[in-house]
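Colleague: Number 463 marks the last residue of the sequence shown (the numbering used here); no jumps.
Virtual Cβ for every residue (Gly too), placed ideally from N, Cα, C.
Owing to the predicted nature of the structure, the values given are computational and were not obtained by experimental measurement.
Here it is: the structure, laid out below.
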Amino acid sequence: MSKNLLVVGLQWGDEGKGKIIDALSEQYDAIVRFQGGANAGHTVYVDNEKFVLHLIPSGILHQDKQCIIANGVVVDPECLSEEIDGLRERNHHVEGRLWISGRAHVVMPYHKMLDGLQEAELGDQQIQTTRRGIGPCYADKAARTGIRFAEFVNPDVFRDRLEEVLTLKNKIISRIYDGDPLNVDDVYERYSGYAEKLRPYVKNTVAMLQRYENEGKTLLMEGAQGTMLDINNGTYPYVTSSNVCAGGAAVGTGLPPSSVTDVMGIVKAYCSRVGGGPFPTEQDNETGEFLREQGNEYGSTTGRPRRCGWLDIVALRHTIAVNGVSGISLMLLDVLTGLKEIKICTGYKINGEQLKEFPAEVSFLGKVEPIYESFQGWQEDITGAKEFAHLPAAARDYVKAIENLIDLPVKIVSVGPGRSQVIQRVYGESGL
Ligand code: GDP
Ligand code: IMO
Ligand code: MG
């Protein structure tokens with residue numbers, strides 16, 4: 032076990048990060064979210080009970096774990112408050128073990144409003160965001176017009192900051208987008224209620240995490256989204272607004288990069304994408320439909336049908352390199368059961384030429400032609416498999432082919448949504 036493990040999505044999100052975080056949480060002292068916001072939807076099943084977490088780390092369902100929303104996250108107080116209440120109703124209490132960084136930025140109602148107005152303006156070029164106010168909140172952070180949690184929960188400061196910022200936002204809303212301005216008193220009244228409620232959870236988590244490091248406590252760092260949605264290394268501009276990749280864990284927690292001692296990549300056995308933007312291996316056909324229905328590929332946050340397609344090794348090699356991944360968890364392998372033939376994209380061609388590198392330009396990526404290798408499918412139900420050797424030969428061959436193509440071990444194979452439906456691979460075991 033690595034001291035501090037970072038779990039990061041290597042595709043376009045929804046790879047099954049929540050499930051793996053939940054499954055690994057037992058082994059760590061604290062679980063830390065470091066970027067993104069309520070655009071994330073992490074699904075965890077415990078004894079057939081379904082939980083969808085948007086802001087609270089997916090380790091929260093382990094009663095004795097500390098869970099931290101660190102400074103790189105943008106936190107919607109309304110959503111967080113609902114999430115806390117929802118957990119409490121189901122007998123999961125978060126008091127004394129959930130902490131929000133005072134440096135985390137607050138997602139305000141004008142961020143959500145501007146998210147919608149900006150999207151409407153883009154017409155058919157829409158990013159198709161989750162409309163959770165993520166882009167506008169990170170934009171304010173960079174423009175130094177954001178409100179941080181430490182200010183939000185300080186009544187002496189919040190009202191003044193809100194007036195200052197909302198005056199500016201209302202000009203943008205009404206003069207640029209022709210929208211209805213927000214009333215400062217209404218927003219203050221509603222949001223000071225959330226501030227009151229969330230104040231006990233706010234802490235200097237940078238100091239807290241540094242203390243944990245000094246005490247030798249172990250951290251599980253929970254990435255949201257996927258690296259193809261990373262603001263720097265993804266399919267820009269069809270990305271989210273945060274640093275999804277491993278580098279983001281350092282800035283987003285306030286710990287040095289050396290504190291990330293291992294990086295595990297989470298990969299779906301195929302690909303999905305929700306929202307706009309290029310997706311070279313997309314199967315807008317019966318195969319895509321099959322994957323969507325078998326994999327229940329509907330957004331955990333927005334309910335939108337996810338676009339589905341074959342596993343893309345070119346994209347994967349790029350995201351593995353960007354993150355310094357040491358091994359992967361291969362998720363949703365059971366979804367492929369029943370297919371006669373399974374394809375993997377091993378290269379991209381454009382104008383008859385094979386590309387050597389993952390392209391930076393999005394219009395280019397939209398035009399590439401995938402080169403596929405075919406693999407035999409399997410028909411047996413694999414959802415009860417506990418060991419790699421129990422999988423059908425074709426499924427084992429598929430996993431081994433992926434390992435060869437990415438030159439990394441598949442350390443965990445997931446064969447169903449349940450906490451125990453994981454095969455931890457032991458190298459050297461016969462058949463591996
Ligand atoms: P995340 O955003 O990366 O945490 O992923 P989501 O929770 O949004 O989406 C993954 C979906 O796949 C959820 O509905 C999970 O319950 C489900 N899931 C995770 N692992 C498996 C698996 O191995 N097999 C199947 N069938 N479903 C899985
Ligand atoms: P998890 O953590 C899948 C996508 C949106 C949109 C783009 C920008 O569950 O894997 P945003 O609202 O962030 O400005 O939207 O990013 N997106 C996700 N897709 N899983 C997610 O999170 C996502 N978070 C954002 O659909 O295309
Ligand atoms: Mg998700």
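Look up A61 in the DSSP assignment and say whether it is helix, strand or coil.
Modeller: Secondary structure at A61: strand, using DSSP grouped into helix, strand and coil.
Colleague: From this set, L347, A71, S289 and N274, which residue's C-alpha is nearest F310's C-alpha?
Modeller: Cα-wise, what sits closest to F310 is L347.
Colleague: Rank R456, G415 and N382 by C-alpha distance to the C-alpha of K431 and give the top, closest one.
Modeller: When the alpha-carbon of K431 is set against those of R456, G415 and N382, the nearest one is in R456.
Colleague: Flag this pair as yes or no: are the beta carbons of L439 and V356 separated by less than 8 Å?
Modeller: A distance below 8 Å separates the beta carbons of L439 and V356.
Colleague: Taking the continuous alpha helix (DSSP H) assigned at H464, which residues delimit it?
Modeller: The structure shown does not extend to residue 464, since the chain is modelled only from 32 to 463, so the question has no answer here.
Colleague: Given this structure, state the Cα-to-Cα distance separating G459 from H93, to the nearest angstrom.
Modeller: Caution is warranted here: a pLDDT of 49 is assigned to G459, below 50, making its placement in the model unreliable, and no coordinate value can be reported.
Colleague: Determine the DSSP secondary structure at A300, reduced to helix, strand or coil.
Modeller: The answer is coil: DSSP assigns A300 none of H, G, I, E or B.
Colleague: Does DSSP put F406 in a helix, in a strand, or in coil?
Modeller: strand
Colleague: Tell me the DSSP secondary structure of D315 in three-state form.
Modeller: coil
Colleague: Using the three-state DSSP reduction, which class does S445 fall into: helix, strand or coil?
Modeller: strand
Colleague: From R163, E320 and C302, pick the residue whose C-alpha is nearest to that of L361; which is it?
Modeller: The residue among R163, E320 and C302 with its C-alpha nearest the C-alpha of L361 is C302.
Colleague: From Y403, V104 and L386, pick the residue whose C-alpha is nearest to that of L396; which is it?
Modeller: Out of Y403, V104 and L386, L386 has the C-alpha closest to the C-alpha of L396.
Colleague: Can you tell me whether G44 sits near ligand 3, meaning its C-beta is under 7 Å from at least one heavy atom of the ligand?
Modeller: True, at least one ligand heavy atom lies under 7 Å from that Cβ.
Colleague: For my contact list, S89 and E253 are in at a C-beta cut-off of 8 Å; report their separation, rounded to the angstrom.
Modeller: 6 Å
Colleague: Around the Cβ of N102, are there at least 16 other Cβ atoms within 10 angstroms (buried) or fewer (exposed)?
Modeller: With a threshold of 16 other beta carbon atoms within 10 Å, N102 meets it and is buried.
Colleague: If I follow the unbroken alpha helix (DSSP H) through K202, where does it start and stop?
Modeller: Note, K202: alpha helix (DSSP H), P186 to K202.
Colleague: Consult DSSP for S289 and reduce its assignment to one of helix, strand or coil.
Modeller: It is helical.
Colleague: Which two residues bound the contiguous beta strand (DSSP E) that contains Q455?
Modeller: V453 to Q455
Colleague: Are there any heavy atoms of ligand 1 lying less than 7 Å away from the beta-carbon of Y222, as far as the coordinates show?
Modeller: no
Colleague: In its own chain, which residues sit with a C-beta less than 8 Å from the C-beta of L463, not counting the 5 before and 5 after it?
Modeller: Because the pLDDT at L463 is just 40, under 50, the model does not fix this residue reliably, and the value given afterwards should be weighed accordingly. Within the same chain, L463 has close Cβ partners F419, A420, R456 and V457.
Colleague: Which two residues bound the contiguous beta strand (DSSP E) that contains F82?
Modeller: Segment E80 to L84, the beta strand (DSSP E) holding F82.
Colleague: For E253, does the three-state DSSP call read helix, strand or coil?
Modeller: strand
Colleague: How far does the beta strand (DSSP E) with G378 in it extend, from its first residue to its last?
Modeller: E372 to I381
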